[in-house]
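Quick note: the sequence shown uses our numbering, first residue 1, plus one each step. Report on one structure; see the data block that follows.
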Amino acid sequence: MALLAPGHPATSPPRKPAIRGRSLAALAAATVLLVTAAALLPPLIPAGADLNDANQAAYARAIWPETQISLAVLMIFLPSLCYAVATRGAARGRLLIASISLLGVAVATFYVVISLQSYMAKPEVVYGSVTSLTGRSICLQYGAASVIVGNEAVTRCFALDVPSEELRGAENWVQEGWYVHMLVSPRGHVGYIAPVSGVLQ
1 MALLAPGHPA TSPPRKPAIR GRSLAALAAA TVLLVTAAAL LPPLIPAGAD LNDANQAAYA
61 RAIWPETQIS LAVLMIFLPS LCYAVATRGA ARGRLLIASI SLLGVAVATF YVVISLQSYM
121 AKPEVVYGSV TSLTGRSICL QYGAASVIVG NEAVTRCFAL DVPSEELRGA ENWVQEGWYV
181 HMLVSPRGHV GYIAPVSGVL Q
């Protein structure tokens with residue numbers, strides 16, 4: 001074994017950037033794969049809505065994408081967190097990546113849990129007269145028929161999760177002043193809306 005000449009410091013083996021490049025490429029590929037899988041994931045838990053009822057089944061289909069989006073966001077951060085924990089590198093860089101990823105995982109997990117609870121809950125049935133419709137927000141007034149017994153009309157606003165194609169097909173009656181029937185999640189998201197027949201507008 002050859003000895004180092006005096007005055008010549010020992011040199012460390014050169015780093016291999018190709019290995020790190022392959023690791024980053026694998027991380028990116030895994031992230032894309034997991035995000036795609038989450039966005040396409042079908043419901044794996046029982047719905048709170050009655051799927052044998054056509055209206056409630058439509059509500060469940062409209063509400064489930066909330067969970068898909070939350071899972072997709074979770075899958076953006078989870079691979080990065082695993083990468084920061086499992087790989088070697090500068091401690092400061094790994095700590096920064098791990099901190100950001102951990103925060104993202106925590107926030108995304110919170111929304112996954114909330115959206116799953118919303119999907120598993122029984123929808124609220126709401127009837128009322130449309131007072132305003134702006135983009136994906138709708139406000140209803142209900143309770144006016146009870147004024148004679150001392151109850152005042154109440155106005156509530158909701159987020160519309162109804163698919164865009166269904167809203168376009170309902171442009172003739174999703175208007176201010178129309179009386180509608182809605183199925184609403186605990187988070188105030190509308191998954192189904194229909195006009196109430198036999199009610200004067």
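Every residue gets a Cβ at the ideal spot worked out from N, C-alpha and C, and that includes glycine.
- Residue 67 is classed as buried because its beta carbon has at least 16 other beta carbons within 10 Å across all chains shown.
- In the structure shown, residue 48 adopts coil according to DSSP, grouped into three states.
- Secondary structure at residue 67: helix, using DSSP grouped into helix, strand and coil.
- Following the DSSP letters along the chain, one finds residue 156 inside the beta strand (DSSP E) bounded by residues 154-160.
- Checking the DSSP bridge columns, you'll see residue 141 partnered with 129, 155.
- Taking a C-beta distance under 8 Å as the contact criterion, residue 60 and residue 72 do not qualify as a contact pair.
- Of the other Cβ atoms in all chains shown, 16 or more fall within 10 Å of the Cβ of residue 123; this residue is therefore buried.
- Straight through space, the alpha carbons of residue 27 and residue 85 are spaced by roughly 13 Å.
- Contact between residue 132 and residue 187 does not hold, since their C-beta atoms are separated by about 20 Å, which reaches or exceeds 8 Å.
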